[in-house]
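Reminder that position 2 of the sequence shown reads as 17 in the working numbering, one-by-one numbering, no gaps. The structure appears right after this line, and notes come after that.
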Amino acid sequence: MDGREEVERVELLERQGTFKRLVEVGRVVLVTHGEDANKIATIVEIVDHNRAIIDGPTTDVARQVISYKNVVLTDLVVKRLPRSVGTKALAKFLEKEQVVEAWQKTAWAKKLEARSRRAAMSDFERFKVMRLRKQQRSIVERQVALLKKERA
C-alpha cells in the first residue's frame, strides 16, 4: 500500500467516523433488561446523555424512559422520524418502513429466536436433536472418507 492509498483510507475513515450506530431519534434498539427484554423499540426522544424515551407499538413495548445501559443499538433506523412522535404515528412509520420484518430477517434476530427455542425444549426434544446430529455427523464422516479414498 503506497502513501496515497493510505491517506485516502484515513480520509474515508474520518468522513465515515468510527461509530456506525449512533444514538438518534428513529434508531431501533433491542431492549436487554426488564420485562421487555429481547424486544425491539424505537428511540423517539433523547432525554440526556444517559437516557432516552423509547416506544414499541408494534412489539408491545410501552413508551418509557430507559437507560442506554439497558438497550443495544441496532443497524436499523426509521428515516425522517420527528422528535417526540406519538405512538399511533410511530406505528404508521414502522409499518411503512417494515421495521419488524427487516429485524426478523437479520442474523441477530434469528440467533435470539433459536436461543429461545432451544431454551424451551423438553428433555426428549433435546435427545431427538442429539440423535439427529449424530446421524448427520455419521453421514458426513462417511462421505469425507469416500472422498479421501477416491483421492488416494
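All residues carry an ideal CB built from backbone N, CA and C; glycine is no exception. Remember, predicted model here, so these are calculated numbers, not experimental data.
Run through DSSP, which three-state label would residue i get?
| i | result |
| --- | --- |
| E39 | coil |
| V92 | strand |
| E140 | helix |
| E23 | helix |
| A160 | helix |
| R60 | Contrary to the premise, residue 60 reads as Glu rather than Arg in this sequence. DSSP places E60 in strand when its eight states are reduced to three. |
Here's the rule I'm using: 16 or more other beta-carbon atoms within 10 Å means buried, otherwise exposed. How should residue i be labelled?
| i | result |
| --- | --- |
| A52 | exposed |
| R19 | exposed |
| R42 | buried |
| V114 | buried |
| V62 | exposed |
| E140 | exposed |
Compute the distance between the beta-carbons of residue i and residue j, then report whether it is under 8 Å.
| i | j | result |
| --- | --- | --- |
| L169 | F108 | Here the chain comprises residues numbered 16 to 167, so residue 169 is not present and cannot be evaluated. |
| W118 | L91 | yes |
| I81 | G71 | no |
| T57 | V93 | yes |
| V40 | E60 | yes |
| V76 | V46 | yes |
| T73 | A106 | yes |
Alpha carbon to alpha carbon, how far is residue i from residue j?
| i | j | result |
| --- | --- | --- |
| R166 | S153 | 20 Å |
| A124 | R132 | 12 Å |
| E156 | M145 | 16 Å |
| N65 | Q79 | 14 Å |
| A67 | S99 | 11 Å |
| G49 | I69 | 14 Å |
| K111 | R36 | 22 Å |
| Q151 | A104 | 49 Å |
Whole runs of the alpha helix (DSSP H) within the segment 78-137, excluding any shorter than 4 residues: Unbroken alpha helix (DSSP H) runs of no fewer than 4 residues, entirely contained in the segment 78-137, are found at 102-112, 114-120 and 122-134, following chain order.
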